[in-house]
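Data first, discussion second: the structure below is written as structure tokens.
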Amino acid sequence: MQPMAGSSQDRPQPEVEALRYLPLGLAVWSAGGCLSYCNPAFAEAFGLPHAALKDLRAPELLDRARRQGTLISCELPDGEEAKGLDAGLRGAQLVCADGRILAATESPLPDGGSVTVLIDVTESRRAAQALTRARDKAAAADQSKSRFLRAANHDLRQPLASLKIFAYSCLVAENEEDRRQALHAMEVSISIMEDLLGSLLNIGQLDAGKIQPAVATFQISSILSRLGVQYAHQAREKGLDLRIVPSKLAVVSDRVLLERILSNLVGNAIRYTDVGRVLVGCRRRGLNLRIIVADTGIGIAPAHHGAIFDEFYRVNDTQAHARHSLGLGLNIARRLSDMLDHPLGLVSMPERGSSFFVDVPVGNVWHSGTGEPEISERIGGEFAGICCLVIEDDKILRDAFTTLLERWGLTVVTIEDFDNVAKAVRELPAQPDIILTDYRLRGRIQGTDLVGAINDILEKPCPALVMTAETAPEVIASIKAQGFPLLIKPVSPPSLRVLMHNLLFEPDLLTKFP
Amino acid sequence: MGNATVTIGSMVPLTGSSANDGREFRNGLTMAIEEVNARGGILGRPLEAVFIDTGNQTAADVVRAARQLISKHKAAAIINGYNIGPQNAEYEPIADAGIIYMHHNTLIQHHDTVASDPQRYFGCFMSDPAEYWYGPGFIKFLSWLRDSGRWRPRNRRISILSGPKPYSIVIANAMAGAAPKFGWELPHAPQIHPTNSDWRGILEKIRAHDPAVLAMTHFHAGDLARFHLQFMERPLNCLLYLQYGALHRAFSEITGEKGRGVITCTVIGLPRDEIGRKFAADYRARFGPHSTPEIGCQPYCSLHHYAIAAAVAGGIGEPGNEQLNRRIAKALIDIPYRSVAGMIRFHPAWQAAVPFPDATQDPSLGLPHLFYQLRGPEEPAALIAPEPYIEQAFELPPWLGST
């Protein structure tokens, strides 16, 4: 056996020399447990000079490598940290600082010593770990599915049973009023089921890790105003005063998830408050904005404060308001706030109301998105919000004008019944700000006459422009003599735009129109 | 083609109400062409500009200019500042010829025209952001003043006054749309008012609403100066914003010391960094101390961007050479250009420059929307927002102390 490098003048035997080029670390231990030979790959695994390893015992070798920072840990097959190694590395797994994992396989030698080979098992170990993670995830998903089904089975039965009864009541109802009441009750049961399913689906998505926050800067006012719209009716029906105090600040969060948190808090507050009010307000606290949902409801005893955010937890199942709730709303709020790193808390005492709060980082207003997905004339053009009445009996042309004008941001209304104009105008969904009419309509009706009739009905002079394919000078002269700006078909969109602009905003310029 | 001279067309209002700007646009393009030619042209071909006066900038004026540049002068590209009034009518002859058109019309309409048929309008680029961005940008600026404690508004009310042009109406509507989202209230809908008129009546009506801010979105420097002098006869107790034209020398010359404190802005101007300052100095050295590099920079930047894109695309496409011009258009989108005015990055769908901080949070990816506050008539306007371009601090306008 070739001794350690530098310790002999003899030429090594060729087969021992070959071991120097082996990419696997290889070491030979004497019967006394000292290192008598190792190849360069073995020394390199420990990040120690080859010559310095001579006669080292395994614990000393590991100790030096640890101090050097090249070895992170050395585990024996039973999971114990290798401390009392006497001879060799006894099948230990070495975790190196460069990320490699090396398995030491040990074989005895006839002289009582042993030989160690280090095998790189990094890839196989990672694959095994990934497999374990995938198995755990699948097991968790399976567990979640079972829990979902159990909860669904339990909580959806009641409204389903009610629905069955109401459906029967509806079928046998003797008069319209009874039927109407039964239908209303069915509607309530369905909305309860919708809420329950919505909560269960949220939990399902959270369990499956399918919710990925999209954090951005936005104005908190956008969420607050939506909450007001969403819950105003519910609060009014219970006789509660829902007050949302506006805030002007920008926050950094996921707009959808934060709205779900706050929506759950407000929904809960309304459910558990019988008299008084629910108040949503914000207070700046250093770098955060504290959004508070306070109610004058039944309150929660301190003993429940910790568990109130647990899944399916209800303080008192017997209470009427708890019956239509799974006890999932606060759990969803907690899990989402954890995901967003927004602290969620509670201040409450029985009979003295509750105050839930969530802390959200304040954002830079310059970065605040205005919520518009894409700018276009439809939302920001000069005609946005203006209503145009299009009178054109050729459906293809009418559709083309409608498409064009809607792209410019106008709301387009039309009338097709020229025989009863008064009725048609009264039934329009919006009053026109401008009229675009063909000159020659079916039944020998002239667009200019129609405009006059419409103005009489509207009791205002609505600006109008006339289009015609007729180029006879007397027709053109007649239209102009009546004071209408005119476009010859086919109408060029830029010309139409300029004329509409002038009619609406710069009528003085119309006199310059040829 | 060898090294034959390339014609770059330019439609500029050298007469009429925008003649001052038109002359600067001509200067900017001239200077950029001189620089490109000094480097050997584009792939060895020297450039030559042909300017056509668009006068009152009506659709007919501008379309006629485009046709003349294409048919008579065989312009390979048309590059200019703005023309108010053609309503994109000039896109049609340009799209028919399949050439590149780079302008600074600052119109939201550009987005819709391009989106309506991207294949047809592949060559039409707006090298500055749409006017729409002035709206949310200004509201964010005000909110930043308020939230950072630089200014404490007396109330949340913003009065918006607009001129009758589409540009002003779009900005007024965009401001009105954004204001409530940032905690502001509109005591009345934007007032669209004819120009060349006595503003005193409307100012008194606005006074009754007692706003904390008055924003005027009409943009002609002369009209704004008249408006401001009437405002200063009996100032309202509010911040005053005047759209763009207040940056012009003509505004300061008319209003003098009374202009101090007015807030204005531009979505394409000159940041006062090393690059911007050097350009301004070179421009004034070339065109005189009273020239305006802040306006001349617009076609200057576009010409340089075009030269880079054409070189990368491998040549210059005269009218009819749509294939080559499509390659140039692609290069214009693919290669953002850090111009003297800041980063010009064309949005691939809009074919318009993306503004910072209105549409991107990254100053290296958007053309800066710069906010100024006027100082004395002899001082340059103070660049007060946004970071990282701030040069001076916002000051309370002098009339706020006395009202």
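First to last, the sequence lines map onto chains A and B.
In this text, residue positions in the first sequence follow our numbering: the first is 14, and each later residue adds one.
In this text, residue positions in the second sequence follow our numbering: the first is 9, and each later residue adds one.
Every residue, glycine too, gets a C-beta built ideally from N, C-alpha and C.
In whole angstroms, what separates the C-alpha of residue i from that of residue j?
i, j, result
"alanine 233 of chain B", "threonine 263 of chain B", "6 angstroms"
"glutamate 399 of chain B", "glutamate 282 of chain B", "13 angstroms"
"serine 25 of chain B", "leucine 349 of chain A", "58 angstroms"
"isoleucine 470 of chain A", "isoleucine 448 of chain A", "14 angstroms"
"histidine 63 of chain A", "alanine 110 of chain A", "18 angstroms"
"alanine 389 of chain B", "glycine 269 of chain B", "10 angstroms"
"alanine 296 of chain A", "leucine 153 of chain B", "One detail in the question is off: residue 296 of chain A reads as arginine in this sequence, not alanine. Approximately 19 angstroms between the Cα atoms of the pair."
"alanine 180 of chain B", "methionine 224 of chain B", "8 angstroms"
"isoleucine 147 of chain B", "threonine 368 of chain B", "16 angstroms"
"tryptophan 207 of chain B", "leucine 244 of chain B", "13 angstroms"
"arginine 158 of chain B", "phenylalanine 402 of chain B", "7 angstroms"
"valine 528 of chain A", "valine 438 of chain A", "It is not possible to answer for residue 528 of chain A, since the shown part of chain A is limited to 14 through 527."
"serine 175 of chain A", "isoleucine 304 of chain A", "37 angstroms"
"alanine 288 of chain B", "threonine 300 of chain B", "8 angstroms"
"alanine 65 of chain A", "aspartate 76 of chain A", "13 angstroms"
"glutamine 15 of chain A", "arginine 103 of chain A", "Model confidence at glutamine 15 of chain A stands at a pLDDT of 42, short of 50, so the residue's coordinates are unreliable and nothing is read from them."
"glutamate 42 of chain B", "glutamine 251 of chain B", "32 angstroms"
"glycine 106 of chain B", "tyrosine 314 of chain B", "15 angstroms"
"aspartate 120 of chain B", "leucine 340 of chain B", "19 angstroms"
Short of 7 angstroms in beta carbon distance, which residues of its chain neighbour residue i, apart from the five on each side in sequence? Order them along the chain.
i, result
"proline 371 of chain B", "Phe364 and Pro396"
"threonine 286 of chain A", "Leu253, Asp308, Thr309 and Gly310"
"leucine 35 of chain A", "Asn52 and Ala54"
"leucine 300 of chain A", "Pro374 and Val375"
"aspartate 323 of chain A", "Asn344"
In chain order, what residues of the same chain lie with their CB nearer than 8 angstroms to the CB of residue i, ignoring the 5 residues before and after it?
i, result
"threonine 331 of chain A", "Unreliable positioning characterises threonine 331 of chain A in this predicted model, as indicated by a pLDDT of 48, which lies under 50. A coordinate reading is not provided."
"alanine 333 of chain A", "Residue confidence for alanine 333 of chain A is low, a pLDDT of 48 falling below 50, so the modelled location carries little weight; the figure read from the coordinates is stated next. Excluding sequence neighbours, alanine 333 of chain A sits near nothing in its chain."
"leucine 391 of chain B", "Pro279, Arg280, Leu378, Phe379, Tyr380, Tyr397, Ile398, Glu399 and Gln400"
"aspartate 521 of chain A", "none"
"arginine 362 of chain B", "The amino acid at residue 362 of chain B is misidentified as arginine; the sequence shows valine. If we look at valine 362 of chain B and ignore the five residues flanking it on each side, its Cβ neighbours are Pro137, Arg353, Phe354, His355, Thr368, Leu373, Gly374 and Leu375."
Who are residue i's beta bridge partners in DSSP?
i, result
"cysteine 305 of chain B", "According to DSSP, cysteine 305 of chain B bridges with nothing at all."
"glutamine 106 of chain A", "A/Glu88 and A/Ala116"
"glutamate 193 of chain B", "B/Arg165"
"tryptophan 379 of chain A", "Answer is none; tryptophan 379 of chain A lacks a bridge partner."
"methionine 513 of chain A", "For methionine 513 of chain A, which the question treats as bridged, DSSP gives no partner whatsoever."
"methionine 224 of chain B", "B/Leu169 and B/Leu250"
"asparagine 277 of chain A", "According to DSSP, asparagine 277 of chain A bridges with nothing at all."
"isoleucine 404 of chain A", "A/Thr450"
"arginine 421 of chain A", "Here residue 421 of chain A turns out to be tryptophan, not arginine, going by the sequence shown. Per DSSP, none; premise fails for tryptophan 421 of chain A."
"isoleucine 87 of chain B", "B/Met110"
"tyrosine 50 of chain A", "A/Val41"
List, in order along the chain, the chain A residues whose C-beta lies closer than 7 angstroms to that of residue i?
i, result
"alanine 182 of chain B", "Gly393"
"isoleucine 177 of chain B", "Glu395 and Phe518"
"alanine 67 of chain B", "Pro507 and Val511"
"lysine 82 of chain B", "Neighbours of lysine 82 of chain B on chain A: none; closest Cβ ~25 angstroms, over 7 angstroms."
Residues in its own chain within less than 6 angstroms of residue i by CB, not counting five upstream and five downstream?
i, result
"aspartate 61 of chain B", "Leu22 and Thr23"
"alanine 60 of chain A", "Reading the sequence as shown, one finds glycine at residue 60 of chain A and not alanine. Gln81 and Thr83."
"valine 258 of chain A", "Gly294"
Please compile the residues from chain B whose C-beta is within a distance smaller than 7 angstroms of the C-beta of residue i.
i, result
"valine 425 of chain A", "Residues of chain B passing the Cβ test: none, with the nearest at roughly 16 angstroms."
Residue i versus chain B: which residues are under 9 angstroms apart at the beta carbon?
i, result
"glutamine 232 of chain A", "Ser151, Lys189, Phe190 and Gly191"
"histidine 514 of chain A", "Gln95, Pro172, Lys173, Pro174 and Ile177"
"serine 212 of chain A", "None at all; the shortest Cβ gap to chain B is about 30 angstroms."
Verify the CB distance criterion: does residue i have a CB-CB separation below 9 angstroms to chain E?
i, result
"glycine 384 of chain B", "The chain inventory of the structure shown lacks chain E, comprising the protein chains A and B."
Would you mind telling me which residues of chain A sit closer than 8 angstroms to residue i, beta carbon to beta carbon, in chain order?
i, result
"tyrosine 140 of chain B", "Ile388 and Gly393"
"valine 20 of chain B", "None at all; the shortest Cβ gap to chain A is about 20 angstroms."
"proline 394 of chain B", "Trp379"
So with CB distances below 9 angstroms, who are the chain A contacts of residue i?
i, result
"aspartate 125 of chain B", "Chain A residues near aspartate 125 of chain B: none, gap ~12 angstroms exceeds 9 angstroms."
Residue i touches chain B at which residues, Cβ-Cβ below 8 angstroms?
i, result
"valine 378 of chain A", "Lys148, Ser151, Trp152, Asp155 and Phe190"
Mind checking the stretch 191-204 of chain B against chain A and listing, in chain order, the residues whose C-beta falls within less than 9 angstroms of any C-beta there? Listed by position along the chain: Gly191, Trp192, Ile200 and Pro202.
Against chain B: residues of the stretch 469-498 of chain A by CB proximity under 7 angstroms: Listed by position, the residues of the stretch 469-498 of chain A near chain B (Cβ gap below 7 angstroms) amount to none.
Taking only beta carbons into account, state which residues of the stretch 95-119 of chain B come closer than 7 angstroms to chain A, listed in chain order. Those would be Gln95, Asn96, Ala97, Ile116, Gln117 and His119, in chain order.
Select from the stretch 250-275 of chain A all residues with a C-beta closer than 9 angstroms to any C-beta belonging to chain B, and list them in chain order. The stretch 250-275 of chain A vs chain B, Cβ under 9 angstroms: Pro259, Ser260, Lys261, Leu262 and Ala263.
So if I threshold CB-CB distances at 7 angstroms, which residues from the stretch 217-241 of chain B count as touching chain A? Identification of residues in the stretch 217-241 of chain B having a C-beta nearer than 7 angstroms to some C-beta of chain A yields an empty set.
Identify each residue in the stretch 360-375 of chain B for which the Cβ-Cβ distance to at least one residue of chain A is less than 7 angstroms, and report them in chain order. If the cut-off is 7 angstroms between Cβ atoms, the stretch 360-375 of chain B has Pro365 and Gln369 near chain A.
Residues from the stretch 177-209 of chain A in contact with chain B, defined by Cβ distance under 7 angstroms: Of all residues in the stretch 177-209 of chain A, none has a C-beta nearer than 7 angstroms to a C-beta of chain B.
If contact means a Cβ-Cβ distance below 7 angstroms, which residues of the stretch 154-166 of chain B contact chain A? Taking 7 angstroms as the cut-off between beta carbons, the residues of the stretch 154-166 of chain B near chain A are Asp155, in sequence order.
If contact means a Cβ-Cβ distance below 7 angstroms, which residues of the stretch 405-425 of chain A contact chain B? Along the stretch 405-425 of chain A, going in chain order, the ones with a CB nearer than 7 angstroms to a CB of chain B are Arg420.
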